[in-house]
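Residue numbering for the sequence shown follows this note's numbering, beginning at 219 and increasing consecutively. Heads up, the beta-carbon is just placed ideally off N, CA and C, and yes, glycines get one too. Below is one structure, written out as structure tokens; the observations come after it.
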Amino acid sequence: MSIEDAIPSSSGRVIVVGNEKGGSGKSTVAMHVAISLMKSNQRVATIDLDSRQRTLTNYIENRFDRAQHITRNLEIPHHLCFVENTNYPTAEDEAADGKALTDHVVALARNYSFIVIDTPGRNSYLGRLAHSIADILITPLNDSFVDLDVLGTVDRLTMGVTGTSHYAQMVQDARLLRYRRDDVSTDWFVLRNRLSMRFTQHTLCGRGAARAVTEAQFSLHCRPKRARDLS
Ligand SMILES: Nc1ncnc2c1ncn2[C@@H]1O[C@H](COP(=O)(O)OP(=O)(O)OP(=O)(O)O)[C@@H](O)[C@H]1O
Ligand SMILES: [Mg+2]
Numbered sequence: 219m220s221i222e223d224a225i226p227s228s229s230g231r232v233i234v235v236g237n238e239k240g241g242s243g244k245s246t247v248a249m250h251v252a253i254s255l256m257k258s259n260q261r262v263a264t265i266d267l268d269s270r271q272r273t274l275t276n277y278i279e280n281r282f283d284r285a286q287h288i289t290r291n292l293e294i295p296h297h298l299c300f301v302e303n304t305n306y307p308t309a310e311d312e313a314a315d316g317k318a319l320t321d322h323v324v325a326l327a328r329n330y331s332f333i334v335i336d337t338p339g340r341n342s343y344l345g346r347l348a349h350s351i352a353d354i355l356i357t358p359l360n361d362s363f364v365d366l367d368v369l370g371t372v373d374r375l376t377m378g379v380t381g382t383s384h385y386a387q388m389v390q391d392a393r394l395l396r397y398r399r400d401d402v403s404t405d406w407f408v409l410r411n412r413l414s415m416r417f418t419q420h421t422l423c424g425r426g427a428a429r430a431v432t433e434a435q436f437s438l439h440c441r442p443k444r445a446r447d448l449s
């Protein structure tokens with residue numbers, strides 16, 4: 219099933235790519251989702267909330283330069299890099315930035331079918347806000363206990379999932395807020411971005427991590443996905 223099958227293409231849908239685990243593949247997934255939607259003739263806007271790393275912004279700027287250089291009409295989304303105040307923001311700063319981001323997304327939703335938002339790999343106030351305005355949340359992670367830690371706790375002996383961790387708790391709060399405020403149920407896809415290599419699947423740890431990731435996907439009420447199912 220592709221993303222387009224899951225949601226109607228006529229209204230502006232907000233796709234947030236998030237995970238507090240750094241380096242799990244958020245920006246890479248955001249790029250592929252945005253370009254793949256454009257290749258399916260969807261109008262796409264992108265927002266980079268990681269104004270420190272600017273991975274998505276750099277990618278789009280490079281793609282734009284490349285398109286000019288080779289004089290080809292490559293798909294380039296309408297893009298904004300949203301700068302978060304990281305210098306001890308006050309509650310007023312956070313509220314003002316939050317309103318500016320929400321207003322921007324609402325305006326984009328009138329003209330674009332999809333708004334793809336890339337978030338930083340840390341707990342940030344704009345990242346939390348983005349999670350609470352998502353129609354679709356994609357959380358990439360690897361088949362690794364190191365990645366699974368942010369989603370759930372795992373029993374060391376049985377390798378079964380025993381509880382919810384900080385990122386999953388934040389997602390649950392954001393989904394509840396979205397539901398109560400807007401009557402919208404956010405679709406949450408936990409995406410196995412990089413699968414274990416064949417040889418690690420044969421170790422107890424490799425097998426256990428893959429199984430625990432799958433178990434966490436079900437116990438947290440999110441939909442399992444593998445990277446190749448998204449395109
Ligand atoms: N499916 C994949 N297969 C192989 N390499 C990948 C895959 N997805 C991402 N990578 C690589 O992993 C690294 C981290 O990816 P990326 O920057 O997208 O992660 P991120 O979650 O956005 O990181 P950060 O938390 O720092 O923003 C990059 O070198 C990227 O090229
Ligand atoms: Mg990134």
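For Thr-273, the distance from the CB to the nearest heavy atom of ligand 2 is below 6 Å. Around the Cβ of Glu-310, a 10 Å sphere holds fewer than 16 other Cβ atoms; the residue is exposed. Remark: the shortest separation between the CB of Ser-245 and any heavy atom of ligand 1 falls under 6 Å.
The continuous stretches of beta strand (DSSP E) do not include Arg-340, and DSSP gives it neither H nor E. The beta carbons of Ile-351 and Ala-263 sit no closer together than 7 Å. With respect to the 7 Å criterion, Met-256 and Tyr-277 are not classified as neighbours on the basis of their beta carbons. Between Leu-369 and Ser-383, the C-beta spacing is below 7 Å.
With a cut-off of 6 Å, the C-beta of Asp-266 is classified as distant from ligand 2, since no heavy atom of the ligand falls inside that distance.
The beta strand (DSSP E) runs of length 3 or more contained entirely in the segment 315 to 369 are, from start to end of the chain, 332 to 336 and 354 to 359.
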